[in-house]
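Working notes for the structure below.
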Amino acid sequence: MDALRLEGLHKSFGGKVAADRVDLTVPVGSFFGLVGPNGAGKTTALSMATGLLRPDDGRAQVFGLDVWARPVEAKALIGVLPDGLALPERLTGRELLTFLGQLQRIEPAVLAGRVRELLDVMQLDGAETTLITDYSTGMRKKIGLATALLHGPRLLVLDEPFEAVDPVSAAALKTILTRFVAAGGSVVLSSHVMALVEQLCDTVAVMAEGAVVAAGPLAEVRGDGTLEEAFVRLVGGDVRRWKGLSWLAS
Amino acid sequence: MAGVLIRMKLAVLRNSMTGGAAAWMITGGVLGLLSAAATIALTFTGRGVRGDLLACALAIWTLGWVAGPLLGGSAVLRGDHFALVPISRRRLATGLLGAAFAGVTTLVTAVAFTSLIAYGLRLGARAALTAVSAATLLLIFVVLLSRVAHTLLGTVARSRTGAAITGVLLGGLLTATQSGWMVVVGLVSSDVLDDGFPTGFSTVLRAVPSGWGVVAVEAAGQGDSVRAAGALAGLAGLIALLWLAFVASLGRPRRRRLTIRGSAHGGAPARGVFAGPTGAVFRKELRTWFRDPQQWTAVALPVSWALLTVLLPLTFDAWLQLPWVAPAIALFAIPSLGNLYGRDGTALWLTLTTASQRADVRGRQWAYLVVVGPIAVVLGIGFTLWSGHLWTWPWIAATVPALLGGGAGLIAYASVAAMVPGPDAHQRPDNPLERADTTGPAQVLFWLGLLPAVPAFAVVLLGEWLDSTALRWAGAPVGLATGIALAWWLGHAAVTRLTARGPEMLSHLRTGHAPAATEPAPGPAPAPAPGQGERPAGATVASLVGGTLLLFPQGLVPLVFLLAGVDAKVWFLAMYLPVGWGLALAALCTLTGALLLARAVRLLRGKPQRAQPTSPPPK
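First to last, the protein sequences are chains P and Z.
Number 163 in numbering that gives the first Met the number 0 belongs to position 164 of the first sequence; there are no gaps in the numbering.
Number 191 in numbering that gives the first Met the number 0 belongs to position 192 of the second sequence; there are no gaps in the numbering.
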C-alpha cells in the first residue's frame with residue numbers, strides 16, 4: 000500500500016490548466032521531494048491531495064483511503080502544512096495548538112504534554128503571549144508545522160516547509176522529519192531549494208507547467224549530475240539565453 | 000506628478016467599473032447629484048432662514064466627507080503605494096491631492112458647493128465674487144480634511160477602544176441615513192422654517208469651518224469686507240494646516256506598533272461545557288472577539304445604531320420607542336456580524352483538515368449569543384423601565400428571543416452561503432478600516448432578520464386585539480421556540496453547506512473569485528460561464544435601493560402616519576393625497592417595495608459575490 004497515491008488529478012482555473020493529469024506515488028516510509036519552478040502546479044497538486052482543493056478529475060488516496068470519498072478517516076492520517084494560508088490570528092501559539100487538539104479529541108493530559116514539547120522544539124516558548132498575527136514569517140511556518148505534527152499523523156504533506164525558517168530551527172526540523180521517516184512515517188515536501196531536497200529526500204518528482212515530467216528515486220532522476228542540473232534540463236530553462244540588463248551597472 | 004497620478008487613478012477606476020461596482024457608482028453619483036440639487040434649492044427658501052439652512056447643509060456635506068471613507072473603504076491611491084519612489088513628500092502630497100479631485104464624489108460636491116454662489120448672487124455682485132473663492136476653498140478643505148481624518152481614524156481604530164469608537168461613529172452614520180427623516184419631521188412640525196433656527200444653533204453653524212463660506216458671503220453682501228476677508232483667510236489657514244498634516248502623514252510612521260497580548264496559559268479543560276470540540280471553537284471565538292479591534296467595531300456598531308435610533312425620536316418628545324432598543328440590537332447585530340468566515344479568511348483550512356465543520360458552526364453561534372444576548376437583554380430591561388411603558392413587556396419578551404435565536408441561525412448560514420472575502424486575515428493592511436465590503440449581503444440580512452420575530456409578534460398582536468393577557472404573554476414562549484428552532488435549523492443548514500462546499504469556499508477566500516456555483520460532485524465540475532453573475536448587478540442594486548425607498552419611507556411610514564393621524568407631509572407622497580387615496584398609494588408602495596426586495600434577495604442568492612482578490616491563485 001502507498002502512503003499517498005494521486006491518479007490523474009486535474010485542475011484548471013478559468014481555462015488555464017494548473018494541474019494536468021498528475022500521477023504520483025509516494026511509497027510508505029519514503030521521504031518524497033516535489034520540486035518545480037514557480038507556477039508549476041505543486042501547491043495545486045498538494046492542495047488536491049489533502050482535501051483543500053476539489054479536483055476537476057482524478058483521485059487522491061491516503062493509505063488506500065480516498066481523500067474525497069472518505070475525508071474524515073483519510074484526514075486523520077495526514078498532517079498538512081499549506082503555504083501562505085491564514086491561521087486563527089488572534090490566538091497565541093499555545094492556544095492554537097490546544098484548540099486544534101480539542102477539535103481532534105486528544106486527551107487533555109496528553110495534549111498538554113504534546114503542546115509543551117512542540118513549542119519547545121520549535122523554540123516558540125519564548126513568545127508565550129504573542130498573538131499569531133504578530134509572528135514573523137519564520138515563526139508562522141514553525142507554528143504551522145507544529146499544527147501538522149500535533150495529532151501524530153502517519154503522512155506529512157508540507158508545502159515549502161523550510162521557507163523563511165532560520166538555520167537553527169531548520170536543523171531541528173530536519174532532525175524531527177528524518178526521525179519520523181526512520182520510524183516508519185512518510186513525508187512529502189515541496190521546495191525550490193534543490194540542495195535541501197537532495198540532502199533529505201530519497202524519492203523526488205519534478206513538475207513543470209502542471210505536469211509531472213520526472214519521478215522516481217533521487218539517484219535515478221538526477222543521473223550523473225546534481226539535482227539542480229537535472230532540474231534545469233527537465234524544466235527547459237536555457238541559462239545562455241539570459242542576458243544581463245543593459246542599463247544596470249555591472 | 001499630479002498628471003501621472005490622475006491618469007493612474009482613472010485607469011484603476013476604469014478597470015474596476017464592471018458589473019456591480021459600476022452600478023453602485025452610478026447609483027451613488029445620481030443620488031449625490033440629487034442631494035447637490037437639493038442643497039442649491041435651499042437658497043430659494045425664505046429670506047430669514049436661507050443662510051441657516053445652507054450652513055447646515057454644508058456642515059452635513061463636510062461630515063459626509065469625514066465619514067464616507069469609514070463606510071466605503073479606502074482611497075484608490077494611497078501614500079504607501081509610493082513609499083519607495085524617490086520623490087519628496089510635498090510633491091507626492093500635491094500629486095495625491097490632485098488625484099483626489101478626479102473622482103465622482105469631488106465632482107458632485109463641487110456641484111453642491113455652487114449653492115454658495117447661488118446664495119451670493121441674491122446678495123449682490125460682491126457677495127457672488129466672494130462666493131466663488133469661498134466655494135473653491137471649501138472644496139479643497141473637505142477633500143484634505145477627508146484624507147487627514149481617514150489616516151487619523153485608521154490609526155485610532157488599531158486599538159480596541161478606537162475600534163469601538165469607530166463602531167459608534169458608523170452607527171451614528173447609519174442612524175442619520177435611515178432615521179434622518181425623524182429629525183426632518185421634527186423640523187417641519189416646529190416653526191423653524193418660518194422663524195429660522197434658534198440663535199444659538201445658527202451661531203454654532205457659522206462658527207464651525209464648514210460655515211465660514213456662508214459667513215464670508217453674507218459679510219460681503221453687507222459690505223463688511225474685513226469680516227469677509229477674515230473668514231476666507233481662516234479657511235485658507237486651515238487648509239494650510241491640514242496640508243502640513245497630510246504631508247507629515249505620508250512619512251514613515253514613527254508611532255510604536257500597537258500589540259495586543261494573549262494569555263500565557265490556557266490548557267484544555269478536561270470536563271464541563273467547554274471540553275468538546277464545540278467548546279473549543281466557542282472559547283477560540285470569544286478570545287478572537289475580545290482581541291480583534293475589527294470585532295469591537297462590529298459589536299459597537301449595532302449597539303450604537305440601536306441606541307441612537309430609539310433616542311433620536313426623543314427630539315420630538317416620543318418615548319414609546321425606548322423599550323424597542325433590545326429587539327433593535329438583536330436585529331442590527333445580524334447584518335453587522337454576518338460574515339464570520341470572510342473575517343477569518345483562509346484559516347478555514349484548519350476546519351477542513353480537522354473535519355470539524357459542525358463544531359465550528361455551533362461554537363460560533365454560541366459565541367454570538369453570549370456576546371450579543373446580554374447586551375440586548377440588559378439594555379432592553381433598563382430602557383423599558385426608563386420609558387415607563389411597562390405594557391410593552393410582552394412585546395419585548397416575544398421578539399427578543401426570536402431575533403437572537405434567528406440571528407444566531409442567520410449569521411451562521413449567511414457566513415457560509417453569502418461569504419464575502421476581504422483582505423486575508425494574515426494580510427490585513429495597515430489601516431483596519433479596509434475590510435470586506437458586505438454592503439449588499441448586509442442589506443438583505445437586515446430584512447431577512449425581521450422575519451424570525453413575525454410569529455411571536457403576531458401572537459402578541461392577536462392578544463392585543465382580543466384583549467387577552469394570556470395570549471399576549473404566549474408570545475414569549477412562541478418567540479423562544481422560534482429562536483431555538485431557527486438557530487438549530489439554519490445552523491444545521493450551514494454545517495451541511497460548509498461540509499459540502501468547504502474547498503470551494505477556501506478557493507474563494509484564497510483567490511477572491513467565487514468558483515462554479517453548482518453543487519459539487521466528486522467528479523468533474525463544470526466551469527462557470529464567462530461573465531456569469533455580472534449581468535444582474537445593476538438590477539440588484541436598483542431593486543435594493545428602490546425596494547427600500549418604496550417599502551419604508553413611501554410605504555410603511557406614511558401608512559402608520561395616516562392610520563395614527565400624524566400630520567407631517569415632508570417627502571411622503573401619500574400624505575399629500577386625500578386620506579383614502581393616500582392609504583391606497585402607501586399600500587401599493589409597501590407591496591411594490593416588498594416585491595422589489597424579494598427580487599433583490601433572489602438575485603443576490605443566485606449570483607456569486609464580487610470581491611477584491613486577496614492573494615494569487617495557488618501555484
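Just so you know, even glycine gets a beta-carbon here, dropped at the ideal spot from N, CA and C.
Of the listed residues the options, nearest to residue i (C-alpha basis)
{"i": "P54(P)", "options": "P420(Z), R500(Z), Q553(Z)", "result": "R500(Z)"}
{"i": "L123(P)", "options": "I105(P), E106(P), I142(P)", "result": "I142(P)"}
{"i": "C55(Z)", "options": "V559(Z), S201(Z), L96(Z), I483(Z)", "result": "S201(Z)"}
{"i": "G224(P)", "options": "E162(P), E197(P), K10(P)", "result": "E197(P)"}
{"i": "V65(Z)", "options": "A148(Z), A40(Z), P393(Z), A35(Z)", "result": "A148(Z)"}
{"i": "V376(Z)", "options": "T129(Z), W348(Z), A597(Z), W323(Z)", "result": "W323(Z)"}
{"i": "L102(P)", "options": "S189(P), H150(P), P160(P), A171(P)", "result": "H150(P)"}
{"i": "I25(Z)", "options": "I5(Z), G102(Z), R90(Z), A82(Z)", "result": "G102(Z)"}
{"i": "G421(Z)", "options": "P476(Z), F273(Z), L120(Z), D436(Z)", "result": "D436(Z)"}
{"i": "D51(Z)", "options": "G171(Z), V207(Z), A99(Z), V84(Z)", "result": "V207(Z)"}
{"i": "G408(Z)", "options": "R363(Z), V443(Z), G94(Z)", "result": "R363(Z)"}
{"i": "G94(Z)", "options": "A37(Z), W242(Z), S335(Z)", "result": "W242(Z)"}
{"i": "P216(P)", "options": "L118(P), L154(P), L23(P)", "result": "L23(P)"}
{"i": "Q553(Z)", "options": "F571(Z), V559(Z), T539(Z)", "result": "F571(Z)"}
{"i": "A210(P)", "options": "V34(P), T97(P), L226(P)", "result": "V34(P)"}
{"i": "Q426(Z)", "options": "G83(P), K74(P), Q60(P), R93(P)", "result": "G83(P)"}
{"i": "A346(Z)", "options": "V309(Z), G511(Z), A599(Z), A424(Z)", "result": "A424(Z)"}
Beta-carbon proximity of residue i to residue j, cut-off 8 Å
{"i": "A207(P)", "j": "V186(P)", "result": "no"}
{"i": "I86(Z)", "j": "M0(Z)", "result": "yes"}
{"i": "L548(Z)", "j": "L582(Z)", "result": "no"}
{"i": "L321(Z)", "j": "W385(Z)", "result": "yes"}
{"i": "T61(Z)", "j": "V141(Z)", "result": "yes"}
{"i": "G379(Z)", "j": "I483(Z)", "result": "no"}
{"i": "V360(Z)", "j": "G490(Z)", "result": "yes"}
{"i": "L402(Z)", "j": "P326(Z)", "result": "yes"}
{"i": "V156(P)", "j": "I77(P)", "result": "yes"}
{"i": "R205(Z)", "j": "V216(Z)", "result": "no"}
{"i": "P81(P)", "j": "S135(P)", "result": "no"}
{"i": "I410(Z)", "j": "L505(Z)", "result": "no"}
{"i": "A163(Z)", "j": "T296(Z)", "result": "yes"}
{"i": "L584(Z)", "j": "A573(Z)", "result": "yes"}
{"i": "I59(Z)", "j": "T113(Z)", "result": "no"}
{"i": "T589(Z)", "j": "L543(Z)", "result": "no"}
Cβ-based burial, residue i [other Cβ within 10 Å; buried from 16]
{"i": "D316(Z)", "result": "exposed"}
{"i": "A218(P)", "result": "exposed"}
{"i": "A17(P)", "result": "buried"}
{"i": "G7(P)", "result": "exposed"}
{"i": "P400(Z)", "result": "buried"}
{"i": "V203(P)", "result": "buried"}
{"i": "S467(Z)", "result": "exposed"}
{"i": "N37(P)", "result": "exposed"}
{"i": "F43(Z)", "result": "exposed"}
{"i": "F331(Z)", "result": "buried"}
{"i": "E159(P)", "result": "buried"}
{"i": "L247(P)", "result": "exposed"}
{"i": "V205(P)", "result": "buried"}
{"i": "S168(P)", "result": "buried"}
{"i": "D291(Z)", "result": "buried"}
{"i": "P373(Z)", "result": "exposed"}
8 Å contact criterion, which residue i and residue j should meet: CB distance rounded
{"i": "G32(P)", "j": "C200(P)", "result": "3 Å"}
{"i": "T287(Z)", "j": "L99(P)", "result": "Wrong, their Cβ atoms sit about 15 Å apart, outside the cutoff."}
{"i": "D65(P)", "j": "P26(P)", "result": "About 18 Å separates the two Cβ atoms, so there is no contact after all."}
{"i": "S248(Z)", "j": "L339(Z)", "result": "Actually they are not in contact, since the Cβ atoms of S248(Z) and L339(Z) sit about 33 Å apart, beyond 8 Å."}
{"i": "L115(Z)", "j": "G212(Z)", "result": "5 Å"}
{"i": "A163(P)", "j": "G183(P)", "result": "Incorrect: roughly 30 Å between the Cβ atoms, too far for contact."}
{"i": "G478(Z)", "j": "L470(Z)", "result": "Wrong, their Cβ atoms sit about 13 Å apart, outside the cutoff."}
{"i": "A37(Z)", "j": "V540(Z)", "result": "The pair is not a contact, with the Cβ atoms about 21 Å apart (cut-off 8 Å)."}
Residue i CB to nearest heavy atom of the ligand ZN below 7 Å
{"i": "V180(P)", "result": "Judged by which ligands are present, the structure shown has none, so any question about the ligand ZN falls away."}
- Task: Taking 8 Å as the threshold, find out whether the region 114 to 130 of chain P comes into contact with the region 48 to 68 of chain P through three or more Cβ pairs.
- Result: no
- Message: Any contact between the region 129 to 137 of chain Z and the region 232 to 241 of chain Z? By contact I mean 3 or more CB pairs, one from each, below 8 Å.
- Response: yes
- Query: Are at least three pairs of beta-carbons, each pair with one atom in the region 341 to 351 of chain Z and one in the region 299 to 319 of chain Z, less than 8 Å apart?
  - Reply: no
- Query: Which of the residues in the region 72 to 89 of chain P, read from start to end, lie with their CB under 7 Å from any CB of chain B?
  - Reply: Going by chain labels, chain B is absent from the structure shown, which instead holds the protein chains P and Z.
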